[in-house]
Each structure stands twice: as C-alpha cells, then as structure tokens.
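> Counted from 1, the sequence shown has number 29 at position 26 by the numbering used here; the numbering is strictly sequential.
For each residue, glycine too, the CB sits at the ideal point set by N, CA and C.
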Amino acid sequence: MTKVIYSATASLDGFVAGPGGDMRWLTEHLGGENAAADRLLARLGALLVGRVTYDGDDPNAGTDAEGAFGGQYDGPVVVLTHRPPANPPTGVEFATDLVTAVDRARVLAGDGDVNVLGADVAAQCLDAGLLDEVLLFFAPVFLGDGTPVFRRPGGRQVRLERLPGETEHWYRVVR
4 MTKVIYSATA
14 SLDGFVAGPG
24 GDMRWLTEHL
34 GGENAAADRL
44 LARLGALLVG
54 RVTYDGDDPN
64 AGTDAEGAFG
74 GQYDGPVVVL
84 THRPPANPPT
94 GVEFATDLVT
104 AVDRARVLAG
114 DGDVNVLGAD
124 VAAQCLDAGL
134 LDEVLLFFAP
144 VFLGDGTPVF
154 RRPGGRQVRL
164 ERLPGETEHW
174 YRVVR
C-alpha cells in the first residue's frame with residue numbers, strides 16, 4: 004500500500020528553512036552517504052510538493068545536484084496550490100485541494116510511496132489524517148528562526164512511534 008511520507012532535513016533547533024525560506028544553510032550539509040535517504044528514494048513513486056517549496060530556494064541551484072534529493076529524483080510531481088499555472092511543465096501536475104493532490108500523487112506513485120516536500124503541506128496532511136510516516140534528517144547547525152518542521156498555532160501534539168529497524172528519526176504517525 005502506498006504510504007505518504009514527510010521527509011525533511013532540519014537544523015538542530017528544528018527549522019527546515021531559514022528566514023524568508025532561505026535554504027543556503029543546507030548546502031554545506033548535503034552529500035555523503037545516507038542509507039536512510041537512499042532507502043526512501045528507492046521507494047518513491049511521486050512527490051507531493053507545496054507551492055512555496057516548489058517555487059522556493061534550492062540549495063543546489065545551478066549544479067548537477069539541482070532538484071529533489073540532490074537531483075536524483077526523476078518522477079511525477081504534484082504541486083498543491085491555489086494558483087495553478089496555465090501551462091504546467093512536463094512531469095508536474097497541479098491540484099487546488101489537498102485530497103485531490105494526495106489522491107493524484109498516490110495514483111502516480113503506482114507501487115511506490117509519496118514523499119511530501121513542504122512543512123505546510125505536511126501539516127495539512129497530518130491534520131487530515133493522510134500522513135503515514137515522518138523521516139527527519141538533522142544538520143549540525145542552529146538557524147534560530149525560519150520555517151519549523153511542524154507548526155500549529157496554539158500547539159498540537161502528534162504521536163509518533165519509531166519504525167523498528169529504521170534510523171532513529173523515521174517514525175509512523177499514530178492514529
């Protein structure tokens with residue numbers, strides 16, 4: 004069964020992007036071997052991406068590693084947005100509501116999983132009961148401000164349980 008997984012690299016103080024969506028901080032922390040990321044990438048059939056992330060900063064812009072997963076991902080992408088373009092690029096679909104976006108990404112994923120890119124879309128998926136797993140990577144840096152891994156005004160606790168046999172930061176969402 005296709006799983007919907009939120010994966011992100013965060014600073015040690017819990018930010019996935021710096022102030023204003025800045026991703027330059029991540030550049031020096033990319034590269035090298037990462038078995039969990041390799042396992043995730045091998046499972047992926049589609050990406051579900053928020054519009055801010057889709058339009059946002061790529062720490063590998065202008066290099067061979069530009070794009071999702073350091074340029075290694077080459078598959079279907081569904082972008083959740085209120086502003087779909089008239090002529091979407093090849094391989095990218097746009098959806099204006101969450102359920103349609105998740106359903107379409109699941110179909111496009113086939114036997115693979117859907118990876119959510121974007122903290123806001125991941126929070127929406129959590130709120131709607133559509134998120135199955137969370138995989139976090141941590142870079143040894145404090146950003147002090149920016150986009151947090153998960154934010155809900157007024158707070159909201161989400162129970163997670165570690166996936167047996169996986170890296171210490173790969174969890175199942177407890178429903």
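1. Would a C-beta distance cut-off of 7 Å place LEU51 and VAL117 closer than the cut-off?
2. For GLY53, which beta-bridge partners are listed by DSSP?
3. Is THR30 helix, strand or coil by DSSP?
4. Using DSSP bridges, identify the partner residues of ALA98.
5. With a 10 Å radius around its C-beta and 16 neighbouring C-beta atoms as the bar for buried, classify ALA38 as buried or exposed.
6. Any chance the segment 93-110 sits against the segment 19-30, with 3 or more Cβ pairs inside 8 Å?
7. Using the C-alpha atoms, what's the distance from PRO92 back to MET26?
8. If you compare alpha carbons, which of ARG175, ALA13 and GLU36 is closest to LEU133?
9. What separation, rounded to the nearest whole angstrom, lies between the Cα atoms of LEU138 and ARG54?
10. What does ASN37 pair with, by DSSP beta-bridge criteria?
11. When the distance is taken between beta carbons, is GLY149 closer than 7 Å to GLY21?
On the basis of the supplied data:
1. Walking along the sequence shown from the start, residue 51 turns up at place 48. Walking along the sequence shown from the start, residue 117 turns up at place 114. Yes.
2. Locating residue 53 in the sequence shown gives position 50, where the first residue counts as 1. LEU83.
3. Numbered from 1 along the sequence shown, position 27 holds the residue referred to as residue 30. THR30: helix per DSSP, three-state reduction.
4. To locate residue 98, count along the sequence shown from 1; it is residue 95. Note: ALA98 sits in a beta bridge opposite LEU83.
5. As a working note, residue 38 is residue 35 in the sequence shown. Exposed: under 16 other Cβ atoms inside 10 Å.
6. no
7. For the purposes of this step, residue 26 is taken as the residue at position 23 of the sequence shown. For the purposes of this step, residue 92 is taken as the residue at position 89 of the sequence shown. Taking the straight line from one Cα to the other gives about 23 Å.
8. As a first step, residue 133 must be located in the sequence shown, where it is residue number 130. Among ARG175, ALA13 and GLU36, the Cα nearest to that of LEU133 belongs to ARG175.
9. Working through the sequence shown from its first residue, we reach residue 138 at position 135. Working through the sequence shown from its first residue, we reach residue 54 at position 51. Taking the straight line joining both Cα atoms gives about 21 Å.
10. Stepping through the sequence shown from its first residue, residue 37 is reached at position 34. In DSSP, ASN37 forms no bridge with anything.
11. Against the sequence shown, residue 21 aligns to sequence position 18. Against the sequence shown, residue 149 aligns to sequence position 146. Going by C-beta atoms, GLY21 is nearer than 7 Å to GLY149.
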